[in-house]
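Enquirer:
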Amino acid sequence: DAKTTQPPSMDCAEGRAANLPCNHSTISGNEYVYWYRQIHSQGPQYIIHGLKNNETNEMASLIITEDRKSSTLILPHATLRDTAVYYCIVRVTLNGNQFYFGTGTSLTVIP
Amino acid sequence: DVKVTQSSRYLVKRTGEKVFLECVQDMDHENMFWYRQDPGLGLRLIYFSYDVKMKEKGDIPEGYSVSREKKERFSLILESASTNQTSMYLCASSLSDTLRGDIQYFGAGTRLSVL
Numbered sequence: 045d046a047k048t049t050q051p052p053s054m055d056c057a058e059g060r061a062a063n064l065p066c067n068h069s070t071i072s073g074n075e076y077v078y079w080y081r082q083i084h085s086q087g088p089q090y091i092i093h094g095l096k097n098n099e100t101n102e103m104a105s106l107i108i109t110e111d112r113k114s115s116t117l118i119l120p121h122a123t124l125r126d127t128a129v130y131y132c133i134v135r136v137t138l139n140g141n142q143f144y145f146g147t148g149t150s151l152t153v154i155p
Numbered sequence: 028d029v030k031v032t033q034s035s036r037y038l039v040k041r042t043g044e045k046v047f048l049e050c051v052q053d054m055d056h057e058n059m060f061w062y063r064q065d066p067g068l069g070l071r072l073i074y075f076s077y078d079v080k081m082k083e084k085g086d087i088p089e090g091y092s093v094s095r096e097k098k099e100r101f102s103l104i105l106e107s108a109s110t111n112q113t114s115m116y117l118c119a120s121s122l123s124d125t126l127r128g129d130i131q132y133f134g135a136g137t138r139l140s141v142l
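Note that the protein sequences, when read in sequence, are chains A and B. Numbering of the first sequence is given in this note's numbering, commencing with residue 45 and proceeding in unit increments. Numbering of the second sequence is given in this note's numbering, commencing with residue 28 and proceeding in unit increments.
Pasting the structure below:
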C-alpha cells in the first residue's frame, strides 16, 4: 500500500469548511484513497473513498488531483462533533486485507 | 446502517485469566477482523477471518486465538491474559466489492485492562 503524508494537526472554526490534505505521491493505478476518522475513545468511522473521480456523500467531499498524488477531504460546515483524528489510507482493494492506519491529522474545531 | 457490536466497552481482568471478547455484525459480511490500538503504535491486526471457521494470523497473533463458528460472530480469546495485553481492542467487518472498494466498519472498541 502506498505511503501517505498528513499534517499532524489542524484547527478549524466552527461553521467553516475544514480542508484536510493528504499526499500519496507513490499511489498506483489500482489503489483507492480512503478516509476514516476516530473520535476519542471510539472505533474508527468510515467517511468516504474514491479511485479517480471526486466523490461526495452526506458526510464529506473527497477531491483527488488529476495525477492522483494528493487528495483533500472537505467537511463543508465543521461542527464541534467533527473534532477527531482523520486518517487518509491508500490501498488496493483486496479480499479482506487489513487497513493500515498511520498517525493521521488531529482536527480541532474551535467554537 | 452497518452495525458492529462489541460485547463490552470496558473490561478489567486479572493476570492469567482467560478472556473472551465478542463481536457481532449484522450485515452478512464475509470478512471480520480484530485489531488492537496502542498509543504511538496505531492499529495493529491480530487475526482476521474470510469465512466461517476460517482464520488467518495478522501481524501480532501471539497470545491470542480466535473463533468464528457463525458468520456474524467473531470472538477473540486471550488464553492467559498478561499485563502487556492491556489495550483498546477493535473489531471490524467488511464486504469486499471489487467495483466499489471494500470498506471496513468498526465497532466502538473494548478497553481491556489486565491487572
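Yeah, the Cβ is synthetic: ideal placement off N, Cα and C, and Gly gets one too.
Tell me, to the nearest whole angstrom, how far the beta carbon of B/K30 is from that of B/L139; I am working on the premise that it is less than 8 angstroms.
Expert: Wrong, their Cβ atoms sit about 21 angstroms apart, outside the cutoff.
Enquirer: If you check the beta carbons only, do A/Q86 and A/V129 fall under 8 angstroms apart?
Expert: no
Enquirer: Grab the span of the beta strand (DSSP E) containing A/E75 for me, first residue to last.
Expert: That run of the beta strand (DSSP E) goes E75 to Q82.
Enquirer: Name the residue from B/E44, B/C50, B/T42 and B/K45 whose alpha carbon lies nearest to the alpha carbon of B/G134.
Expert: B/C50
Enquirer: In this structure, how does DSSP classify B/Q112 when only helix, strand and coil are distinguished?
Expert: helix
Enquirer: Curious, which full-length alpha helix (DSSP H) runs of at least 4 residues does the segment 82-110 of chain A contain?
Expert: none
Enquirer: What residues in the segment 70-86 of chain A have a beta carbon less than 9 angstroms from any beta carbon of chain B?
Expert: Y76, Y78, Y80, Q82, S85 and Q86
Enquirer: From the beta carbon of A/H68, is the nearest beta carbon of chain B less than 8 angstroms away?
Expert: no
Enquirer: So with CB distances below 9 angstroms, who are the chain A contacts of B/F133?
Expert: Y80, Q82, Q86, G87, P88, Q89 and Y90
Enquirer: Whole angstroms is fine: what's the gap from A/T109's alpha carbon to B/V141's?
Expert: 46 angstroms
Enquirer: Within a Cβ cutoff of 8 angstroms, which residues of the same chain sit near A/N98, ignoring the five residues on either side of it in sequence?
Expert: Within the same chain, Cβ atoms closer than 8 angstroms to the Cβ of A/N98 are found at S105, L106, I107 and I108, the five residues on either side in sequence being excluded.
Enquirer: Would you call the CB atoms of B/Y74 and B/W61 closer than 8 angstroms?
Expert: yes
Enquirer: In whole angstroms, give me the CA-to-CA distance for A/I154 and B/L72.
Expert: 34 angstroms
Enquirer: How close, in whole Å, do the beta carbons of A/L64 and A/L151 come, if the pair is a contact with beta carbons under 8 angstroms?
Expert: 7 angstroms between Cβ atoms; contact.
Enquirer: Under DSSP, the beta strand (DSSP E) around B/T32 begins and ends at which residues?
Expert: V31 to Q33
Enquirer: Which value, in whole angstroms, describes the spacing of the CA atoms of B/L48 and A/D111?
Expert: 44 angstroms
Enquirer: Taking the runs of the beta strand (DSSP E) that are 3 residues or longer, which of them lie wholly in the segment 48-114 of chain B?
Expert: 58-65, 69-76, 91-97 and 100-105
Enquirer: Starting from B/L70, find everything on chain C with Cβ-Cβ shorter than 7 angstroms and list it in chain order.
Expert: No chain C appears in the structure shown, which is made up of the protein chains A and B.
Enquirer: Do you know offhand how far B/K45's Cα is from B/S114's?
Expert: 16 angstroms
Enquirer: Please report how far the alpha carbon of B/E106 lies from the alpha carbon of B/D53, in whole angstroms.
Expert: 27 angstroms
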